[in-house]
Amino acid sequence: MTKLNTAMLAATTALAGMAFAGAATAQDTWRIGITQNNVGVDSYQTTYESAFIAAAEANPNVEVVVLDAGGDVARQIAQVQDLIQQEVDAIIIWPTNGQAVIPAVREAFQSDIPVIVTNSNIAEDGFPFVASFSGPDNITQGRRAAEIMCTRFEDLGIQDEAQIVQITGQPGYTTAIERAQGFEERLPEVCPNVTLVESQPGNWNREDAQRVMEAFLVQYDNIDGVYSGDDNMGVGALNAALAAGRAEGITFVGATNFAVGYDAMGRGEYWGSIYQSPVDDAEAALQTALDVLNGEDVPFLNYFDTPKITQENMDQYDRPVF
Amino acid sequence: MTKPTLSGLIKNGAIWGFIVLELIFFSVAGHFWSMSESAFMDFGNMLLLLKQSAPIGIIAVGMTVIMINGNIDLSVGATYALSAVVMLDSMSWPIFAGLGDWVIPVAWLLALLTGVTLGLINGLIVWKTGVDAFIVTLGAMLGYRGLVFMYNGEQPTYHLNWTMVDIAEANVLGLETPSLVLIAVVVIVWLLMTRTVHGRNAYAIGDNREAAVNAGIRVGPHMLLNFALIGFLSALSAVAFYSASGSVNPNDGTLFELWAITAVVLGGTKLTGGSGSIIGTFGGVIAIQLLRKGLGYIGADTETVNLVIGTILIAVLFLDKQLNRKGQEELKV
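Protein sequences appear in the order of chains A and B.
Heads up: the first sequence at position 135 corresponds to 143 in our numbering, and the numbers run straight through without jumps.
Heads up: the second sequence at position 265 corresponds to 257 in our numbering, and the numbers run straight through without jumps.
Next up, the structure:
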């Protein structure tokens, strides 16, 4: 009942606003609940939480209920049920498990509470119950990495003969698949003569990536570039090349700029990456929720921008905290 | 078995008094701190509380029996996870492909069977080797968890069946399936412990094992049955919870043993065995879930919740000790 009234009030306010002031929007206070994956497990998630709270405090029309599932699926499901019970206007969820939360998300959907998924998406079975996904676009990240790599080869004048290898994330993991897909699609478009000689999974793990790279170095006498699914693995590959004394001639490009990658760029050993900020991630999630509540047309996959970062422009970005 | 003493009554009453205190506190505090417009004591919220108490509650009931026996079972969380994995995985086994939705009861049965088997293994080792249950189930906790990881690596086991979700979310008089299961388990095991020979023997064994043996109670088989019971209940808890969620992470149920033990101890059961009650445990479970929910309701974060529950547990044990001592002194007079 309350929710209906709120919605009606919002609608009438919006109508009145449009009628009399033209550009005014709904001035009702929105109550938004968020249940996060596991704050404190890494600094990306910790920064995300404080950025989210800061963004909510900066907006007088928003009240937030901030919850953390602590990585526990059962607790996250209970939190979603609590938020439904508290009749919040929208729920933002960072899934602990992309499948297990689907029934809980459906419950919210059935109670007419829009659900926004943040950072990593839920499984496709749950899409009908989700208003929007706010997070990074991994295909674009892969494509941009290919562009960084190609531009660098052009500067070095080796765009017609370069050979590269790829170290992907965990097999079967959507982020890993999408980044590799974007990279492999874009590379022949910008640098048709660069050959991708081999791809191997590094499982998001630095040691695994190092082992994969050691094998590559033995196998191929000529490696000009390495693309890794994230900087963590990229630094593993870099370490292997440094140990073999062959890092000098290799262009290393990664994604999700980690502090280790940023520092390696500062030392001139690592060439470039994709900058993914938890602050942008958090602010995008809140904004997506507000847009949905204000009845704006929000794309189902609502990506926030993750720009290119290389040795040349890294001074424009803060050192990542993770 | 001793008759309920005055201190026993106070203790049993204490947990309910504590629950009332929590309800009053969160209702009042909610007025000042909560963002929510609905009251904490809202009927729907209380029903939800019962449902959310179910996973740990069902296990805690079994844990009460084990602890009255003077044993402990640390492997319940791993049993819970493994039963869930068997349940969800079996639904996509080719042999059951022709069953349609009838695969659901089959999967449930297999999960329960898994739980009972794991419980029997624990019980058998405790019985036949005489090694302390703490050590046996500590090993089982690691071993069963290892099996969970062997089954599907680090990947979640996933099978979403909307019919099963609908059954799990079905409700009778506002009580959803997990709540009904919890209530049924509490009532049945309470009857078992208060109205049957098995129940009286459980207290006798926990109170004084030597005396129980001398009285002709077959201690080994008795414990075996209780371990089978807690295995069954761990699996039942998994069935009630995972039917509604359809996906299990390999580390699900971690720390469940400690939450269950916390609830049991809060409910007045002694760690040394020989005394305790199912209804008290039910109160302990409700008290913990109420704290979690209430602190979330007034905007406290997860770390605070754990800190508060830990503090209260120690306070309750201290209070219990004081009350017990007073009770004994009173009896002397």
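Cβ atoms here follow ideal geometry from the backbone N, Cα and C, with glycine treated the same way.
In this text the structure is predicted, and so the values were computed from the model without any measurement.
Check                                                                                                                                                                                : Outcome
Can you give me the C-alpha to C-alpha distance between threonine 334 of chain B and isoleucine 130 of chain A, rounded to a whole angstrom?                                         : Residue 334 of chain B is absent from the structure shown; chain B starts at -7 and stops at 325.
For valine 74 of chain A, which beta-bridge partners are listed by DSSP?                                                                                                             : A:Ile42
Short of 7 Å Cβ to Cβ, which residues in the region 66 to 80 of chain A face chain B?                                                                                                : Glu71, Val73, Leu75, Asp76 and Gly78
If you follow the alpha helix (DSSP H) that proline 111 of chain A is in, where does it begin and where does it stop?                                                                : 110 to 118
Considering only the beta carbon of each residue, do glycine 268 of chain B and glycine 260 of chain B sit closer than 8 Å?                                                          : yes
Name, please, each residue of chain A whose Cβ falls closer than 7 Å to the Cβ of leucine 152 of chain B.                                                                            : Gln107, Ile110 and Asp133
Does any residue of chain B bring its CB to less than 8 Å from the CB of aspartate 90 of chain A?                                                                                    : yes
Checking the sheet assignment: what are the DSSP bridge partners for serine 281 of chain A?                                                                                          : A:Ile317
Could you tell me which residues DSSP puts in a beta bridge with glutamate 168 of chain B?                                                                                           : B:Asn163
Give me the Cα-Cα distance between serine 136 of chain B and valine 287 of chain A, rounded to the nearest whole angstrom.                                                           : Reading the sequence as shown, one finds tyrosine at residue 136 of chain B and not serine. Taking the straight line from one Cα to the other gives about 40 Å.
Confirm, please, whether the CB-CB distance from phenylalanine 137 of chain A to arginine 114 of chain A is below 8 Å.                                                               : yes
By a C-beta neighbour count over all protein chains shown, 10 Å radius and 16 as the cutoff for buried, is serine 239 of chain B buried or exposed?                                  : buried
Between A:Gln218, A:Val234 and A:Gln53, which lies nearest to asparagine 127 of chain A when the distance is taken from Cα to Cα?                                                    : A:Gln53
With a threshold of 8 Å between beta carbons, is serine 229 of chain B in contact with chain A?                                                                                      : no
Does DSSP classify isoleucine 231 of chain A as helix, strand or coil?                                                                                                               : coil
Output needed for glutamate 186 of chain A: all residues of its chain with C-beta closer than 6 Å, excluding positions within five of it in sequence on either side, in chain order. : Asn146 and Ile147
In chain order, what residues of the same chain lie with their CB nearer than 6 Å to the CB of aspartate 199 of chain B, ignoring the 5 residues before and after it?                : Gly266
Between the region 300 to 312 of chain A and the region 255 to 266 of chain A, can you find at least three pairs of beta-carbon atoms closer than 8 Å?                               : no
Looking at methionine 241 of chain A and alanine 217 of chain A, is the spacing between their C-beta atoms short of 8 Å?                                                             : yes
Using a Cβ-Cβ cutoff of 8 Å, what residues of the region 34 to 46 of chain B are near chain A? List them in chain order.                                                             : Asp34, Gly36, Asn37, Leu40, Lys43 and Gln44
Check whether the Cβ of alanine 82 of chain A lies closer than 8 Å to any Cβ atom in chain B.                                                                                        : yes
Along chain B, in chain order, which residues have C-beta atoms closer than 9 Å to that of isoleucine 85 of chain A?                                                                 : Gln44, Phe233, Ala236 and Ser237
Note the first and the last residue of the continuous alpha helix (DSSP H) segment covering phenylalanine 274 of chain B.                                                            : 270 to 289
With the cut-off set at 8 Å, would you say alanine 174 of chain A and leucine 204 of chain A are in Cβ contact?                                                                      : The sequence shown places glutamine at residue 174 of chain A, not alanine. Yes.
So that I know if they touch, is there some Cβ in chain B lying closer than 8 Å to that of glutamine 218 of chain A?                                                                 : no
Roughly how many whole angstroms lie between the Cα atoms of valine 297 of chain B and leucine 282 of chain B?                                                                       : 11 Å
I'd like the span of the beta strand (DSSP E) that includes asparagine 310 of chain A, first residue to last.                                                                        : 309 to 312
Would DSSP call serine 128 of chain A helix, strand or coil?                                                                                                                         : coil
What number of angstroms, rounded off, separates the C-alpha of glycine 54 of chain B from the C-alpha of aspartate 97 of chain A?                                                   : 40 Å
Got a sec, what are the start and stop residues for the beta strand (DSSP E) threonine 203 of chain A sits in?                                                                       : 203 to 209
Quick test of your reading: alanine 63 of chain A and glutamate 291 of chain A, contact by CB under 8 Å. State the CB separation rounded to the nearest angstrom.                    : 5 Å
Between alanine 132 of chain B and asparagine 114 of chain B, is the Cβ-Cβ spacing less than 8 Å?                                                                                    : yes
Would you please state the rounded distance, in angstroms, between the beta carbons of valine 231 of chain B and tyrosine 143 of chain B? I believe it to be under 8 Å.              : So it is not a contact: roughly 17 Å between Cβ atoms.
Please identify the residue among B:Leu42, B:Glu295, B:Glu202 and B:Val12 whose C-alpha is closest to the C-alpha of isoleucine 175 of chain B.                                      : B:Leu42
Can you tell which of A:Pro328, A:Pro68, A:Gly190 and A:Ala116 has the C-alpha that lies nearest to the C-alpha of alanine 86 of chain A?                                            : A:Ala116
Between isoleucine 101 of chain A and valine 70 of chain A, is the Cβ-Cβ spacing less than 8 Å?                                                                                      : no
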